[in-house]
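Q: Here the sequence shown stands for residues 315 to 686, where the numbers follow this note's numbering. Yeah, the Cβ is synthetic: ideal placement off N, Cα and C, and Gly gets one too. The structure displayed is predicted, hence computed values, not measured ones.
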Amino acid sequence: MSCYLCGSKKYIEVLNKKDGCIWTGASDEEKKERRAYACILHQCQVCGHVYQSVDENLRRILNEIYLSNHAQASTPTGVGNWGLKRAQIFLDKIDVKNYASVVEIGCADGYLLRCLKDKGLKKLVGIEPSISKTEERDGILFLKEFADEKLKLPQKHDLIFSNSVFEHTEDINSIIRFCRNNLKEEGEIFFTVPNAQPRLEDGDPGLFLHEHVHYYTQHSAFYLLQNNGFEVLECSTTNDSLDVRARVNGSNAMKPAPFIVYDDYEAKLKRVLQKVDRLLEQGNILVHGANNSLNNMLAWMHKPFDFTLVDNDETKHGKTYCGQIVRPLVEIDLSHYNTVLIIPVAFYNTIRNEYVERGFKGKIKNILNLPV
């Protein structure tokens with residue numbers, strides 16, 4: 315159980331739940347079987363990184379998922395209203411005028427690269443092991459490869475970026491060394507990963523996902539990059555994401571704060587589950603969010619609940635998730651409900667405003683602000 319960042323075997327246990335349905339983003343109808351697996355997280359006591367130790371059996375299961383149509387636990391980038399929104403949020407973070415050549419790690423079907431091409435970039439490379447073959451398509455070079463330190467590109471580049479990939483990969487040091495080896499002098503790396511810190515601090519049940527090996531905080535992102543020859547230029551956070559930009563041979567690097575020990579996460583999680591349990595027991599609840607957090611809570615509370623499930627993602631409408639058919643908000647008669655429970659904490663204010671604008675007069679709560 316060595317730390318993936320520093321190799322230390324000194325750790326504490328942050329989470330240990332013996333059962334959890336593996337969430338892939340697939341609907342109940344699309345699942346071939348209900349797969350359950352232990353949910354365990356450790357925190358390294360040397361570098362502070364929080365991680366899931368992946369054994370051979372879980373590795374086999376995850377490899378099957380990554381080769382399936384549900385390799386992304388969320389709606390794929392560029393697909394549906396939510397996938398398009400996610401893509402635009404990421405693209406707004408890249409200033410194309412600063413770069414002449416760009417590489418994406420984990421490019422999937424190349425949607426982001428095509429958008430960058432439309433913005434005027436001409437030298438674009440996508441690395442994706444799941445595509446059928448290496449080829450140049452639409453002016454973009456797609457490589458059927460794994461991005462590791464053994465891979466050498468024909469030329470060095472100005473920017474290497476990745477969107478929600480670095481949390482999935484066990485040997486993350488090898489990927490960072492690939493970036494360092496294939497960037498020009500003072501070339502940059504930019505990546506977005508889930509921001510684990512507020513979830514660890516709040517006992518958020520949406521923290522854990524079987525597909526995620528790494529649970530990055532600002533501290534562990536700094537450690538990863540600085541330990542591999544990068545200097546961090548920017549590190550911005552929201553409740554939802556951690557956006558990091560770093561440079562080879564940079565200067566005036568930012569310094570990380572000391573890491574926090576998250577030995578109270580499971581106790582906080584227990585209190586959240588107890589409050590959600592009491593609310594759902596009341597019945598007649600409108601639950602907003604067919605996602606991994608809801609999946610975890612229902613598995614860890616060990617009993618069925620009856621509720622109405624709503625989601626803004628059009629690709630989920632009419633399908634069954636967590637035993638409930640997902641309905642669009644526009645179809646709901648809000649006068650029939652006293653309480654709305656919003657599951658995606660990071661988007662609570664935005665979703666809450668939708669209900670207020672539609673005239674909902676009842677209580678609107680998220681899973682972390684329920685009364686004791």
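#1: With respect to the beta strand (DSSP E) encompassing N680, which residues constitute its N-terminal and C-terminal limits?
#2: In the structure shown, what three-state DSSP assignment does Y365 receive?
#3: Please work out which residues of its chain come closer than 7 Å, Cβ to Cβ, to R513, disregarding the five sequence neighbours upstream and downstream, and give them in chain order.
#4: Quick one: is R494 buried, meaning 16 or more other Cβ sit within 10 Å of its Cβ, or exposed?
#5: Whole angstroms are fine: how far does the CA of D342 sit from the CA of L497?
#6: Report, in whole angstroms, the separation of the C-beta atoms of G440 and F456, which I expect to be a contact under 8 Å.
#7: Is it buried or exposed, T448, if we count other Cβ atoms within 10 angstroms and call 16 or more buried?
#8: So, are the CB atoms of V417 and H482 less than 7 Å apart?
#9: Within 10 angstroms of the Cβ of L426, are there 16 or more other Cβ atoms? Answer buried if so, exposed if not.
#10: Assign Q511 to one of three DSSP states: helix, strand, or coil.
#11: Among G424, I419 and L430, which residue has its Cα nearest to the Cα of D406?
#12: Is G517 closer than 7 Å to V586 when the C-beta atoms are compared?
#13: Quick test of the definition: if touching needs 3 or more C-beta pairs under 8 Å, does the stretch 636–643 touch the stretch 614–623?
#14: By a C-beta neighbour count over all protein chains shown, 10 Å radius and 16 as the cutoff for buried, is R561 buried or exposed?
#15: DSSP on R491, reduced to helix/strand/coil?
#16: Look up Y529 in the DSSP assignment and say whether it is helix, strand or coil.
#17: Where does H528 land, buried or exposed, given buried means 16+ other C-beta within 10 angstroms?
#18: Can you tell me where the alpha helix (DSSP H) with S555 in it begins and where it stops?
#19: Look at the alpha carbon of Y530 and the alpha carbon of F536, and state the distance between them as a whole number of angstroms.
#20: Which class does R440 belong to by DSSP, given the choice of helix, strand or coil?
#21: When we look at the beta-carbon of I408 and count the other beta-carbons within 10 Å, is it buried (16 or more) or exposed?
#22: Expressed to the nearest angstrom, what Euclidean distance is found between the alpha-carbon atoms of S367 and A352?
#23: Just to check my reading of the structure: L435 and I490 have Cβ atoms closer than 8 Å, yes? What is that Cβ distance to the nearest angstrom?
#24: Using alpha carbons as the reference points, say which of E671, N680, V558 and I454 lies closest to L648.
#25: Express the C-alpha separation of K324 and H356 in angstroms, rounding to a whole number.
#26: Closest by CA to I474, which one among V575, N652, Y413 and L608?
#27: Could you check how far apart the C-beta atoms of D554 and A660 are, in whole angstroms? I think they sit under 8 Å.
#28: Using the C-alpha atoms, what's the distance from L523 back to L583?
#29: Taking V410 as the reference, give the member of L381, E502 and S478 with the closest Cα.
#30: Do the CB positions of F504 and E463 come within less than 7 Å of each other?
#31: To the nearest angstrom, report how far apart K346 and N377 are at their CA atoms.
#32: To the nearest angstrom, report how far apart E499 and I375 are at their CA atoms.
#33: Leaving out five residues before and five after C549 in sequence, what residues of the same chain have Cβ atoms less than 6 Å from its Cβ?
#34: Taking only three categories from DSSP, how would you classify R373?
#35: Do I657 and N598 count as a contact pair if the criterion is CB distance below 7 Å?
A: With the given structure in hand:
#1: Counting along the chain, the beta strand (DSSP E) containing N680 begins and ends at K677 to N680.
#2: DSSP places Y365 in strand when its eight states are reduced to three.
#3: G520 and L521
#4: Classification for R494: buried.
#5: 43 Å
#6: 5 Å
#7: Exposed is the call here.
#8: no
#9: buried
#10: helix
#11: A check of alpha carbon separations from D406 across G424, I419 and L430 identifies L430 as the nearest.
#12: yes
#13: Yes, they touch.
#14: buried
#15: helix
#16: strand
#17: buried
#18: Counting along the chain, S555 falls outside any alpha helix (DSSP H), though it belongs to the beta strand (DSSP E) covering S555 to V562.
#19: 10 Å
#20: Note on residue identity: the sequence assigns Gly, not Arg, to residue 440. G440: strand per DSSP, three-state reduction.
#21: Looking at its Cβ environment, which holds 16 or more other Cβ atoms inside 10 Å, I408 is buried.
#22: Cα atoms of S367 and A352: separation of roughly 11 Å, rounded to the nearest angstrom.
#23: Between I490 and L435 the Cβ distance is about 23 Å, and since that is not below 8 Å, they are no contact.
#24: E671
#25: Rounded to the nearest angstrom, the two C-alpha atoms are 10 Å apart.
#26: Y413
#27: 4 Å
#28: 15 Å
#29: E502
#30: no
#31: 16 Å
#32: 39 Å
#33: Taking C549 as the centre and dropping the five residues before and after it, the same chain places the C-beta of Q532 and V558 closer than 6 Å to its C-beta, in chain order.
#34: helix
#35: No, these two residues do not count as a Cβ contact at 7 Å.
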